[in-house]
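Just so we're aligned, residue 1 is where the sequence shown starts under my numbering, counting upward by one. Working notes for the structure below.
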Amino acid sequence: WQLDQRFIDILKKILPLQEQLHTLNFCFVGLNEQTIYGFTEVCQSIKNLKTVSLDGNPLAAEHFHILIEKDTLKIAHLSLRFCKITDKGAERLAHVLGNMSVQNWKLLTLTLSGNQLGDNGAKSFAKV
1 WQLDQRFIDI
11 LKKILPLQEQ
21 LHTLNFCFVG
31 LNEQTIYGFT
41 EVCQSIKNLK
51 TVSLDGNPLA
61 AEHFHILIEK
71 DTLKIAHLSL
81 RFCKITDKGA
91 ERLAHVLGNM
101 SVQNWKLLTL
111 TLSGNQLGDN
121 GAKSFAKV
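Below is the structure:
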């Protein structure tokens, strides 16, 4: 099964109406570099969203940083296990998490187990 743009458009209309919704689990749904942007818009429209799990979506590996770079998103827990995130994707994530002078204080946990992070990716997070 693959989450396509048509389904994302439906989610954009339905999910904002769910005032108690705080968790989205879209694991192994085939998110890619195009649909991750639409999915981010869905997340922005859910005012109480705190937890997002996107485990097993390797086609969007280098683009997950957009989920946490927007100030309007209040995601506190993000799980990206088994997404084949490389050092490049890790560097992008670390960059939006901030540095010593500017930090993302909203995100409390980021789960990256089962990815393809090397030393350079780990160093990126060490600088945050």
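Heads up, the beta-carbon is just placed ideally off N, CA and C, and yes, glycines get one too.
Bridge pairing for His95: absent [DSSP]. The segment 76-86 makes contact with the segment 40-51; the number of CB pairs closer than 8 Å reaches 3 or more. Excluding the 5 residues flanking it on each side, Leu31 has same chain C-beta neighbours closer than 8 Å at Leu3, Phe39, Leu54, Asn57, Leu59, Ala60, in chain order.
Contact between Leu21 and Ile46 is confirmed by a C-beta separation of about 6 Å, below the 8 Å threshold.
Straight across, the Cα-Cα distance linking Ala90 with Ala126 is about 11 Å. In the structure shown, Ser124 adopts helical secondary structure according to DSSP, grouped into three states. Per DSSP, Leu21 has no beta bridge partner at all.
Note on geometry: alpha-carbon atoms of Leu17 and Thr35 lie some 21 Å from one another.
When DSSP states are grouped into helix, strand and coil, Leu59 belongs to the helix group.
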